[in-house]
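Undergrad: Here the protein sequences line up with chains W and E, keeping their order. My numbering puts the first sequence at residues 22 to 226. My numbering puts the second sequence at residues 22 to 226.
Number of protein chains: 2
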Amino acid sequence: MPDEIPDIVVGRLPVYLRALMRMAQESREITSSHELGQRLGISSAQIRKDLSHFGEFGKQGTGYQVKFLVEQLRRILKVDAEWGVALVGAGDLGRALAHYGGFANRGFRIVAVFDNDPAKIGMKLTGGLAVQDSSRLSDAIRQSGWKVAMVAVPADQAQAVADKLVEAGVQAILNYAPITLVVADGIRVQYIDPVVHLQRMTFYL
Amino acid sequence: MPDEIPDIVVGRLPVYLRALMRMAQESREITSSHELGQRLGISSAQIRKDLSHFGEFGKQGTGYQVKFLVEQLRRILKVDAEWGVALVGAGDLGRALAHYGGFANRGFRIVAVFDNDPAKIGMKLTGGLAVQDSSRLSDAIRQSGWKVAMVAVPADQAQAVADKLVEAGVQAILNYAPITLVVADGIRVQYIDPVVHLQRMTFYL
DNA sequence: TAGATTGTTAATCGATTAACAATC
DNA sequence: TAGATTGTTAATCGATTAACAATC
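#1: By Cβ distance below 6 Å, which residues in the same chain neighbour S53 (chain W) in space, the five residues on each side in sequence not counted?
#2: Going straight from the alpha carbon of N137 (chain E) to that of G110 (chain E), what length do you get?
#3: Of all the options E:H55, E:R60 and E:G62, which has the alpha carbon lying nearest to the alpha carbon of R69 (chain E)?
#4: Which two residues bound the contiguous beta strand (DSSP E) that contains L108 (chain W)?
#5: From V31 (chain W) to G58 (chain W), what distance separates their C-alpha atoms?
#6: Report yes or no: is there a C-beta of chain W within less than 8 Å of the C-beta of K88 (chain E)?
#7: In terms of residues, what are the limits of the beta strand (DSSP E) holding D5 (chain E)?
#8: Looking at L195 (chain E): is its Cβ nearer than 8 Å to the Cβ of Q211 (chain E)?
#9: Closer than 8 Å by beta-carbon distance: list the chain W residues that pair up with A193 (chain E), in chain order.
#10: Determine whether the Cβ of I68 (chain E) lies closer than 8 Å to any Cβ atom of chain W.
#11: Could you say which of W:I29, W:L41, W:I51 and W:K145 lies nearest to G82 (chain W) if we only look at CA atoms?
#12: Need the endpoints of the beta strand (DSSP E) that M171 (chain E) sits in, please.
#13: From the DSSP output, which residues share a beta bridge with N196 (chain W)?
#14: Can you tell which of E:A181, E:T147, E:W167 and E:V87 has its C-alpha closest to the C-alpha of L118 (chain E)?
#15: Quick one: residues in its chain with C-beta nearer than 6 Å to the C-beta of P199 (chain E), no 5 flanking neighbours on either side, listed in chain order?
#16: Under DSSP, the alpha helix (DSSP H) around G115 (chain W) begins and ends at which residues?
#17: For P139 (chain W) and A179 (chain W), what's the separation of their Cα atoms in angstroms?
#18: Anything in chain W within Cβ reach of P199 (chain E), meaning under 7 Å, just list it in chain order.
#19: Report yes if the C-beta distance between L114 (chain W) and A181 (chain W) is below 8 Å; otherwise report no.
#20: Answer with buried or exposed for S73 (chain E), where buried requires no fewer than 16 other C-beta atoms within 10 angstroms of its C-beta.
#21: In angstroms, rounded to a whole number, what distance separates the CA positions of N126 (chain E) and V106 (chain E)?
#22: CA-CA distance, M222 (chain W) and L108 (chain E)?
#23: Please state if the CB of I162 (chain E) and the CB of V190 (chain E) are separated by a distance shorter than 8 Å.
#24: Output needed for P23 (chain W): all residues of its chain with C-beta closer than 6 Å, excluding positions within five of it in sequence on either side, in chain order.
Okay, structure coming up:
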């Protein structure tokens, strides 16, 4: 039970889940902490320790039922139901996200796309969503109760967008703008900046 | 000097650099570990400790010259010159990356785009690059000596693409496919999977 | 039974923080 | 000088690993 789960443990669970879903897809019925660790480049002890925070999911001598562990991780991560995600920004990146097929079955669906560019408002995206005026953002989020949003606007607009999202009730933001956001306590933010990731590697070259 | 810098320290440097470049853009000439820490939600002690691995960049009583520290971090991260980046995959995401303006000035430029879809090969992208046949990938990389690549292909092709890249001499891969890659020792891989990032937050909701 | 693998404990390892002398 | 902030040390805190009893 969530005594106090370290963030770093929570951060690994989605990676475990992703690998396990892939195993399930490959019709592997059973796996072990050793096998999973090899696939992921993580020690088997760490996998067992991480899982032990949440319960006992394996069998001595046998390992883990892949399907069962997938179910459990989905439940733990709260992606056993689907979250509606508001997307702000309908530029190249925003549209690529709107079209991305990888959200399905993993707990998320983009339910609305906003932009403040008159040239983009009204645009019909593949998948059926139309780009809405950002001025409708607060109302739409408040009415629908969406808790998760993605920000794909230019850096100089990202903080203002985040402020509006949080004020409308959003509690988790995935930010693609290359800037660190300042948000209230309890609001979660994750960052995706390809340049940051690239720079983490060039150091070693 | 690089005794043995912890990965986790290297991982924070690009975030420091990003914030400092922003400060420079805002014409802030001086900053302190305290101010930078506040912006980033990190303790001032950690920032000073991290920087101390590489030298002494500040002045007691004053703080850090923003421009100077930017220069130093760019040098440390080896992004004071520009890396040519090969991009594999010209789907929605690949094209969004090819059009992305955020690489400029931060050490990277996409120099080639590959895809194996005949319908996409030859396509002219904004910015002037044409999509090349993946069959040319190995030769092109070997001839040009590119060391950095981004992978934006479907999950089931990503490992094969990574293998080809590494074989051709690539040493750093930014992987957008939702799968953990297996690569030889010494090859760096970073992962961007929006679903993983979202799942890291829903746990707390 | 023999072999395998879990869940957990204790030991090790590493990272963060607090504190402060040095000094601008 | 008085105030501020660095770079660094030592203490604290937390995460990883190794080892193994339990048991399938």
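Where is the CB? At the ideal position from N, CA and C, for every residue including glycine.
TA: For this structure:
#1: G84
#2: 8 Å
#3: E:H55
#4: W104 to V109
#5: 16 Å
#6: no
#7: Given a span of 22 to 226 for chain E in the structure shown, any question on residue 5 (chain E) remains unanswerable.
#8: yes
#9: L219, M222, T223, Y225 and L226
#10: no
#11: W:I51
#12: V169 to V172
#13: W:V172 and W:Y212
#14: E:T147
#15: A176 and D214
#16: D113 to H120
#17: 18 Å
#18: R39 and G123
#19: no
#20: exposed
#21: 14 Å
#22: 16 Å
#23: The residue asked about is misnamed: residue 190 (chain E) is Gly in this sequence, not Val. In this structure, I162 (chain E) lies closer than 8 Å to G190 (chain E) by Cβ.
#24: Low per-residue confidence applies at P23 (chain W): pLDDT is 46, beneath 50, and the placement is therefore not dependable, though the value from the model is reported in the following sentence. Closer than 6 Å at Cβ, skipping near neighbours: no residue.
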